[in-house]
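Chemist: The structure's right below; bear with me while I get my questions together.
Protein chains: 2
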Amino acid sequence: MKANPTVAIVGATGAVGAEFIGCIETRNFPVGKLKALASARSAGKTLPFRGQQVVIEELTEASFEGVDIALFSAGGSISKKFAPIAVKAGAVVVDNSSAFRMLEDVPLVIPEINANRIKDHKGIIANPNCATITALVPLWPVHKKNRIKRLIISTYQAASGAGAAAMAELADSTKAYLEGKPYEPKVLPHPYAFNLFSHNTAIEETGYNGEETKVIIETRKIFEDQQIAVNATCVRVPVLRAHSESITFECEAPITPEEVRALLIDAPGVKLVDDREKNYFPMPIDASGQGDVLVGRIRKDLSDPSGHSVSIFVAADQLLKGAALNAVQIAELL
Amino acid sequence: MKANPTVAIVGATGAVGAEFIGCIETRNFPVGKLKALASARSAGKTLPFRGQQVVIEELTEASFEGVDIALFSAGGSISKKFAPIAVKAGAVVVDNSSAFRMLEDVPLVIPEINANRIKDHKGIIANPNCATITALVPLWPVHKKNRIKRLIISTYQAASGAGAAAMAELADSTKAYLEGKPYEPKVLPHPYAFNLFSHNTAIEETGYNGEETKVIIETRKIFEDQQIAVNATCVRVPVLRAHSESITFECEAPITPEEVRALLIDAPGVKLVDDREKNYFPMPIDASGQGDVLVGRIRKDLSDPSGHSVSIFVAADQLLKGAALNAVQIAELL
Chain S
19 MKANPTVAIV GATGAVGAEF IGCIETRNFP VGKLKALASA RSAGKTLPFR GQQVVIEELT
79 EASFEGVDIA LFSAGGSISK KFAPIAVKAG AVVVDNSSAF RMLEDVPLVI PEINANRIKD
139 HKGIIANPNC ATITALVPLW PVHKKNRIKR LIISTYQAAS GAGAAAMAEL ADSTKAYLEG
199 KPYEPKVLPH PYAFNLFSHN TAIEETGYNG EETKVIIETR KIFEDQQIAV NATCVRVPVL
259 RAHSESITFE CEAPITPEEV RALLIDAPGV KLVDDREKNY FPMPIDASGQ GDVLVGRIRK
319 DLSDPSGHSV SIFVAADQLL KGAALNAVQI AELL
Chain X
19 MKANPTVAIV GATGAVGAEF IGCIETRNFP VGKLKALASA RSAGKTLPFR GQQVVIEELT
79 EASFEGVDIA LFSAGGSISK KFAPIAVKAG AVVVDNSSAF RMLEDVPLVI PEINANRIKD
139 HKGIIANPNC ATITALVPLW PVHKKNRIKR LIISTYQAAS GAGAAAMAEL ADSTKAYLEG
199 KPYEPKVLPH PYAFNLFSHN TAIEETGYNG EETKVIIETR KIFEDQQIAV NATCVRVPVL
259 RAHSESITFE CEAPITPEEV RALLIDAPGV KLVDDREKNY FPMPIDASGQ GDVLVGRIRK
319 DLSDPSGHSV SIFVAADQLL KGAALNAVQI AELL
């Protein structure tokens, strides 16, 4: 890869797109030229980047000429159509959708875990699902030391996971509720003001929804361990950004909460927030806007008297580590 | 018990107190006389009851003369002080606090599960914790048929569990957030607008907070099974009323989701809300204002290949089935 690559952002006006640009700026990613691509509707508008204005261009089949790295976050169907075009034009694609994640020749990468897989790419590297990233960054140091064989996750997922329009719907519908006005949901299938609901992806034959299935199968691929037994319950809560998760895991050998704490205290991408006296633990507002996965509530799983299981509670910015930051970290490693 | 008992409500101006009165009205509970008791601050104000106005009296040691049933919901310290006084004056106390729940001679009752224990009372009957009730009503029909030996619960608890002032704080702080104004939390220890946090009860030596410990020990007492291994993670979410819970349970013998569904379809106090095609499952706004525990997302726990475990998602009105309704049901059985 050249020293100052041309980087294209596909979905530049979306919630993750904005964070791509933010991450590139704050991390001083050595972009030569930035191309902001979006739908025709946004073409001609501008976006601020390093003190200048970048004009948004319409995404077309000709958009990728001269592009070295293309960061995609515009949904699965856009990725399916345009990622192969970008690869053909010579770009390496880091794709935030689920379109290519489970393909055998597409590395699925969380840099803290399997940066070594990046080199195997055939043009496309996939960014995992945000709920997967949030869980796996803190679980990896444990798994490496004492294999995790069973994993039970309940998520508390923010509006941001469904995009900027869903964030606006949460704010607007809550405002309407507080003013006693009616509000008809447009983006999400259920009323969102002071409410929560099962994740809005279709339920599959297993009874698990699409989001839950992603967490299950992506965990196995990233940990390169097909035997991990995973249960996920994905729930959308009325939080604007940053996902939280209640996680219980069972290891092959006995493990104590103190051992988990010792493994996580200096782990990359992890920040311990576990103050029992002050009752201060990971919260979405603290996770928002920063790159680490916050981890706390580290304690023995009292439902497993064998001493092989520990419970934790985590929170991470869905738009940063859950999406844009992870992708930019991958791009840096390119 | 006489046919038209005099009923005292202790904590009549609180969130649960208001629901006590509502439940007595809607269920046509045959109250002879209603005494509304509260702190001196509220004395002299009135409350509507059956088309008339009841004058709120200050709670004193003399308040319980002639009272047959006293419904307490004014916090543990009020219960500790005044419940024995009420009993001495001849009343039967149904107490919504945690003050007496674990005492051996105090029945801890969910009518759908152990109404038979009411007769053992020595003056006080305890109402379980709201998170406990929400979980156990749907688990009981399963446990009776195929013993539940392990239980992992993650809660999504509403503001109402912390009282009317916490509900107001959620609404007020959210309004301030949407208007870009600062807001200093007064009732709860953390900012609540579009945020969530670990339950605001003190963390014990086990690493579990007070709320989680209640769920663990109350489950064993109500099911009369000291061997059930329980793990609870209690989280406060920005929902006004109605608690939700993600529950995974493991039974002694193999069990299928279909068997669980068959056990729950006509179970007392349970309503199945499990429409996979429409992605329609239990939500707090649907649970609010009605008496059943909504149950859905009934599916195999994919992290237990032995087929002994099933996951469900539930929601129930914390102020009704989680508190006032359960207590009034107990009073009816008296």
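Chains S and X are the protein sequences, given in the same order. Just so you know, our numbering puts 349 at position 331 of the first sequence, and the rest follows in order with no gaps. Just so you know, our numbering puts 155 at position 137 of the second sequence, and the rest follows in order with no gaps. All C-beta atoms in this analysis are idealised placements derived from N, C-alpha and C, irrespective of residue type, glycine included.
Measuring CA to CA, which of X:Ala61, X:Ser116 and X:Val110 is closest to alanine 149 of chain X?
Modeler: Taking the second sequence and counting its residues from 1, one reaches residue 149 of chain X at position 131. Cα-wise, what sits closest to alanine 149 of chain X is X:Ser116.
Chemist: How big is the Cα-Cα spacing for alanine 153 of chain X and lysine 339 of chain S?
Modeler: Taking the second sequence and counting its residues from 1, the one referred to as residue 153 of chain X is at position 135. Taking the first sequence and counting its residues from 1, the one referred to as residue 339 of chain S is at position 321. Going from the Cα of alanine 153 of chain X to the Cα of lysine 339 of chain S covers about 33 Å.
Chemist: Taking the beta strand (DSSP E) that isoleucine 330 of chain X falls in, what are its first and last residues?
Modeler: Locating residue 330 of chain X in the second sequence gives position 312, where the first residue counts as 1. Start and end: 327-334.
Chemist: Which of the three DSSP states is assigned to asparagine 249 of chain S in this structure?
Modeler: Here residue 249 of chain S corresponds to residue number 231 of the first sequence, with the count starting at 1. It is a strand residue.
Chemist: Can we say the stretch 105-120 of chain X touches the stretch 81-91 of chain X, given the rule of at least three CB pairs closer than 8 Å?
Modeler: The stretch 105-120 of chain X, when compared against the stretch 81-91 of chain X, does touch it at the 8 Å Cβ threshold.
Chemist: Is it buried or exposed for proline 207 of chain S, if we count other Cβ within 10 angstroms and need 16 for buried?
Modeler: Here residue 207 of chain S corresponds to residue number 189 of the first sequence, with the count starting at 1. Exposed.
Chemist: Under a Cβ-count criterion, where at least 16 other Cβ atoms within 10 Å of its own Cβ denotes burial, should glutamate 236 of chain S be classed as buried or exposed?
Modeler: As a first step, residue 236 of chain S must be located in the first sequence, where it is residue number 218. Classification of glutamate 236 of chain S: buried, given that the 10 Å Cβ count is 16 or more.
Chemist: If you reduce the DSSP assignment to three classes, tell me which class glycine 309 of chain S lands in.
Modeler: Your numbering for residue 309 of chain S matches position 291 in the first sequence. Here glycine 309 of chain S sits in coil by DSSP.
Chemist: Within the same chain, show all residues whose beta-carbon is closer than 8 Å to that of phenylalanine 212 of chain S, passing over the 5 residues directly before and after it, in chain order.
Modeler: Sequence index remark: in the first sequence, residue 212 of chain S carries index 194 (1-based). Same-chain partners within the cutoff: Thr192, Tyr195 and Pro256.
Chemist: Would you kindly work out how many angstroms separate the C-alpha atoms of isoleucine 74 of chain X and glycine 62 of chain X, rounded to a whole number?
Modeler: One-based indexing of the second sequence puts residue 74 of chain X at position 56. One-based indexing of the second sequence puts residue 62 of chain X at position 44. Their backbone Cα atoms lie some 5 Å apart in a straight line.
Chemist: Which residues of the stretch 151-173 of chain X have a Cβ closer than 7 Å to any Cβ of chain S? Give them in chain order.
Modeler: Per Cβ criterion, the list reads Arg168, Leu169, Ile170 and Ser172.
Chemist: Identify the contact partners of tyrosine 226 of chain S in chain X, using a Cβ-Cβ distance below 8 Å as the criterion.
Modeler: Residue mapping note: residue 226 of chain S aligns to position 208 of the first sequence, counting from 1. The answer, in chain order, is Arg317 and Leu320.
Chemist: Given this structure, state the Cα-to-Cα distance separating leucine 312 of chain X from isoleucine 171 of chain S, to the nearest angstrom.
Modeler: Locating residue 312 of chain X in the second sequence gives position 294, counting from the first residue. Locating residue 171 of chain S in the first sequence gives position 153, counting from the first residue. Taking the straight line joining both Cα atoms gives about 21 Å.
Chemist: Could you pull out every residue in the same chain whose Cβ sits closer than 7 Å to the Cβ of alanine 260 of chain S, ignoring the five residues on either side in sequence?
Modeler: Indexing the first sequence from 1 puts residue 260 of chain S at position 242. Result list for alanine 260 of chain S: Ala176, Pro302, Ala305, Ser306, Ala333, Ala334, Asp335 and Gln336, in chain order.
Chemist: Identify which residue in S:Ile142, S:Trp158 and S:Met120 has its Cα closest to the Cα of isoleucine 131 of chain S.
Modeler: Position 113 of the first sequence, counted from the first residue, corresponds to residue 131 of chain S. Nearest of S:Ile142, S:Trp158 and S:Met120 to isoleucine 131 of chain S, Cα basis: S:Trp158.
Chemist: Quick check: the stretch 178-190 of chain S against the stretch 275-295 of chain S, are at least 3 beta-carbon pairs closer than 8 Å?
Modeler: These segments do not touch.
Chemist: Return the residues of the stretch 184-208 of chain S that lie within a Cβ-Cβ distance of less than 7 Å from chain X, sorted by chain order.
Modeler: Hits within the stretch, in order: Ala189, Thr192, Lys193, Leu196, Pro207 and His208.
Chemist: Going by DSSP, name the residue or residues bridged to isoleucine 142 of chain X.
Modeler: Counting from one through the second sequence, the residue named residue 142 of chain X turns up at place 124. DSSP output for isoleucine 142 of chain X lists X:Val111 as bridge partner(s).
Chemist: Out of curiosity, what's the CA-to-CA distance linking glycine 32 of chain X and lysine 204 of chain X?
Modeler: If you number the second sequence from 1, residue 32 of chain X lands on position 14. If you number the second sequence from 1, residue 204 of chain X lands on position 186. If I take the Cα positions, the gap works out to 17 Å.
Chemist: If you follow the alpha helix (DSSP H) that phenylalanine 241 of chain X is part of, which residue opens it and which one closes it?
Modeler: Position 223 of the second sequence, counted from the start, is the residue given in the question as residue 241 of chain X. Where phenylalanine 241 of chain X is concerned, the enclosing alpha helix (DSSP H) stretches over 228-241.
Chemist: Strictly below 8 Å CB to CB, what residues from chain X border arginine 45 of chain S?
Modeler: Counting from one through the first sequence, the residue named residue 45 of chain S turns up at place 27. Correct list: empty, because the minimum Cβ distance to chain X is about 27 Å.
Chemist: Ordered along the chain, which non-local residues of its own chain (more than five positions away) have a Cβ less than 7 Å from that of lysine 232 of chain X?
Modeler: Mapped onto the second sequence, residue 232 of chain X falls at position 214. Closer than 7 Å at the Cβ level, and outside the excluded window around lysine 232 of chain X, lie Ser116, Asn147 and Thr150.
Chemist: Apart from the five residues just before and just after leucine 263 of chain X, which ones in its own chain have a Cβ nearer than 8 Å to its Cβ?
Modeler: Translated into the one-based positions of the second sequence, residue 263 of chain X becomes position 245. Rather than leucine, the amino acid found at residue 263 of chain X in this sequence is glutamate. Ala149, Thr152, Ala153, Ile171, Ser172, Thr173, Tyr174, Phe331, Val332 and Ala333, listed in sequence order.
Chemist: DSSP three-state call for arginine 165 of chain X: helix, strand or coil?
Modeler: Looking up residue 165 of chain X in the second sequence gives position 147. Of the three classes helix, strand and coil, the one that applies to arginine 165 of chain X here is coil, per DSSP.
Chemist: Could you name the residues of chain X that leucine 258 of chain S contacts, counting a contact when the two beta carbons are closer than 8 Å?
Modeler: Numbered from its first residue, the first sequence carries residue 258 of chain S at position 240. Those are Phe212, listed as they occur along chain X.
Chemist: Does any residue of chain S have a CB that is nearer than 8 Å to the CB of alanine 220 of chain X?
Modeler: Locating residue 220 of chain X in the second sequence gives position 202, where the first residue counts as 1. Closer than 8 Å: yes.
Chemist: Go ahead and pull the three-state DSSP assignment for phenylalanine 38 of chain S.
Modeler: Counted from its first residue, the first sequence places residue 38 of chain S at position 20. Helix.
Chemist: Using DSSP's beta-bridge definition, name the partner residues of serine 262 of chain X.
Modeler: Stepping through the second sequence from its first residue, residue 262 of chain X is reached at position 244. According to DSSP, serine 262 of chain X bridges with X:Tyr174 and X:Ala333.
Chemist: Counting contacts by CB-CB distance shorter than 8 Å, is methionine 120 of chain X in contact with chain S?
Modeler: By one-based count along the second sequence, residue 120 of chain X stands at place 102. Chain S contact via Cβ: absent.
Chemist: Taking only the alpha-carbon atoms, compute the straight-line gap between glutamate 230 of chain S and serine 216 of chain S and give it to the nearest angstrom.
Modeler: Here the question's residue 230 of chain S lines up with position 212 in the first sequence. Here the question's residue 216 of chain S lines up with position 198 in the first sequence. Rounded to the nearest angstrom, the two C-alpha atoms are 10 Å apart.
Chemist: Does the CB of methionine 19 of chain S have a neighbour CB from chain X at under 8 Å?
Modeler: By one-based count along the first sequence, residue 19 of chain S stands at place 1. Not one chain X Cβ lies under 8 Å of methionine 19 of chain S.
Chemist: Assign tyrosine 195 of chain X to one of three DSSP states: helix, strand, or coil.
Modeler: The residue given as residue 195 of chain X occupies position 177 in the second sequence. Note: tyrosine 195 of chain X maps to helix in three-state DSSP.
Chemist: Taking 8 Å as the limit between beta carbons, can you name the residues of its chain near lysine 167 of chain S, skipping five residues before and five after?
Modeler: In the first sequence, the residue the question calls residue 167 of chain S occupies position 149. Cβ neighbours of lysine 167 of chain S beyond the five flanking positions: Gln245, Ile246, Ala247, Glu268, Cys269 and Glu270.
Chemist: Looking at C-alpha atoms only, which residue of X:Arg315, X:Lys140 and X:Ala182 is the closest neighbour of phenylalanine 299 of chain X?
Modeler: If you number the second sequence from 1, residue 299 of chain X lands on position 281. Nearest C-alpha to phenylalanine 299 of chain X: X:Arg315.
Chemist: Go through its chain and collect everything with a Cβ distance to glycine 50 of chain X's Cβ below 7 Å, but skip five positions before and after it.
Modeler: Along the second sequence, one-based indexing puts residue 50 of chain X at 32. Asn22, Pro23 and Thr24.
Chemist: I want to verify the contact list: residues of chain S whose CB lies under 7 Å from the CB of proline 302 of chain X, in sequence order.
Modeler: Here residue 302 of chain X refers to the residue found at position 284 of the second sequence. Simply Asn213 and Leu214.
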